[in-house]
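Comments concern the structure below.
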Amino acid sequence: MDKIKAFKVENILTALLYVALGVVLIMFPESIAKTLIYTIATIVIAVGVIKIISYFLKREQAGYSNAGIVSGLIFIVIGLFILTSTKIIISVIPFVMGVCILISAYSKLQYVLQLSKYTNEKNRGMLLAAIVTFILGIVLIFNPFRAAKWMIRLVGICIAFTGASDLITGIYFYRKMRDYIKDMEALEQDYVEK
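Per this note's numbering, the sequence shown starts with residue 8, numbered consecutively.
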């Protein structure tokens with residue numbers, strides 16, 4: 008039961024973060040995307056600079072290779088590419104989020120299958136949420152929208168929906184599993200007493 012509670016807390020927090028991220032992306036699509044890209048680029052460049060500095064500080068140690076300077080330069084080039092290619096990077100975001108949303112749809116489908124196995128209920132609402140989440144993930148992957156602003160808003164809508172449906176289906180799933188475990192414990196107790 009403790010494992011279920013810990014898993015429940017983790018899923019609820021993840022779902023709430025999805026909702027919050029989705030709302031922020033809906034409200035501030037352009038500035039969020041650019042800020043995120045610039046932050047990532049800065050971090051990648053900083054890692055490259057640190058690797059190069061480490062190389063020069065440690066190069067005289069026995070067995071130290073040139074890998075530090077090479078990987079540092081690669082990180083810097085990648086960071087500069089990210090900085091100069093914001094439109095390309097922004098266009099990849101929906102694909103990545105689409106894959107994440109498809110994974111969420113798969114999880115919802117697993118909930119439906121588990122509940123069907125342990126209860127006699129049809130769980131149509133959870134199945135519908137899994138199907139809608141799957142469709143949203145596919146829409147993001149094959150993104151029909153060209154404007155980055157609307158694309159990011161679409162990502163935000165999909166993420167917010169995914170978070171909300173994860174929250175609802177997760178709570179429903181955990182309640183049903185809790186009831187099932189209580190029923191099994193009661194049956195076991197009755198069996199032990201007899």
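The C-beta atom is built at its ideal place from N, Cα and C for all residues, glycine as well.
Note that the coordinates shown come from a computational prediction; the quantities given were computed from them, not determined experimentally.
Please check the pair residue i and residue j, which I expect to be a contact at CB under 8 Å, by giving their CB distance rounded to whole angstroms.
i, j, result
"A27", "L174", "Contact flag wrong, Cβ pair sits at about 11 Å."
"V162", "I76", "Contact doesn't hold; Cβ gap of about 37 Å is too wide."
"G86", "G55", "6 Å"
Under the three-state reduction of DSSP, which class applies to residue i: helix, strand or coil?
i, result
"S114", "helix"
"S98", "helix"
"N73", "coil"
"S92", "coil"
"N18", "helix"
Cβ atoms of residue j and residue i: under 7 Å apart, would you say?
i, j, result
"V146", "L134", "no"
"I47", "G79", "no"
"L143", "N130", "no"
"A137", "L116", "yes"
"T126", "S172", "no"
"Y25", "G132", "no"
"K15", "Y179", "no"
"I159", "L32", "yes"
Which residues bound the alpha helix (DSSP H) around residue i?
i, result
"K129", "Careful: K129 lies outside any alpha helix (DSSP H) and carries neither H nor E."
"S38", "36-65"
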